[in-house]
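One rule links them: number in my numbering = place in the sequence shown (from 1) + 1382.
Below is one structure, written out as structure tokens, with a few remarks after it.
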Amino acid sequence: AHFKSKDNLFAALVSDKLQVFNETYQDLSKMNIRSANDVMRVFEASYGSIETLIHYIYSEKEVFKLILESSDGSSFAGFVDDLIDEECSNTMKFLEGSRRFIKHPENISYRIIRIGSAMVINYALDAFLNGVSEDDNIRETKLASDFCIAGYRKIFGI
């Protein structure tokens, strides 16, 4: 097949795989919150979704290596930033809907959420690219996630 552009080539190779990835990620913010414990439960459950995505990345190694290493000049070049922004947007919607259970809602900040999201997502992707085993990536990304959850608990007063 002949492709008119790098973008067309990338779209043909990775679009279907990314659609599954994006659908999984978008489902993270749909939980019913009735208490501060539920807020923490959602933060903790969100790691389970990240673990699922790590499994998916490793099952589609070639696609994700292509996106992460060779997407410059295509519409996929901003994949990591777009992923972090999606996570931040979902988390902000979740936190805004959970304000009544948060002691310090004034501390809800897109920039603060972005620090945690970027740390966890960048760690998982960097570990993947640097040949860290899937099991070690899951374990270490969980540690990064636990670090962020502890910070959120403290700054939001949950």
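Every residue, glycine too, gets a C-beta built ideally from N, C-alpha and C.
Residues of its chain near residue i, where Cβ-Cβ distance is below 6 Å and the 5 sequence neighbours each way are ignored
i	result
Leu1410	Here the model assigns Leu1410 a pLDDT of 47, short of 50, so the residue's position is not dependable and the matter cannot be decided.
Ala1459	Ser1453
Of the residues the options, the one placed nearest residue i, counting alpha carbons only
i	options	result
Ile1503	Glu1444, Asp1454 and Thr1434	Thr1434
Leu1511	Glu1442, Phe1425 and Asn1419	Glu1442
Per-residue DSSP class, three states only, for residue i
i	result
Ala1459	coil
Gly1539	coil
Val1514	coil
His1437	helix
Ser1417	coil
Ser1453	coil
For residue j and residue i, believed in contact at Cβ under 8 Å, the rounded distance
i	j	result
Ser1483	Ser1417	The sequence shown places Phe at residue 1483, rather than the Ser named in the question. Between Ser1417 and Phe1483 the Cβ distance is about 6 Å, and since that is below 8 Å, they are a contact.
Glu1516	Ile1436	7 Å
Ala1526	Met1501	6 Å
Ile1466	Arg1496	7 Å
Residues near residue i by beta carbon distance below 7 Å, same chain, minus five either side
i	result
Asp1389	Ser1456 and Ser1457
Leu1507	Leu1450 and Val1462
Cβ neighbours of residue i in the same chain (closer than 8 Å, five flanking residues each side left out)
i	result
Val1514	Glu1522
Glu1426	Ile1531
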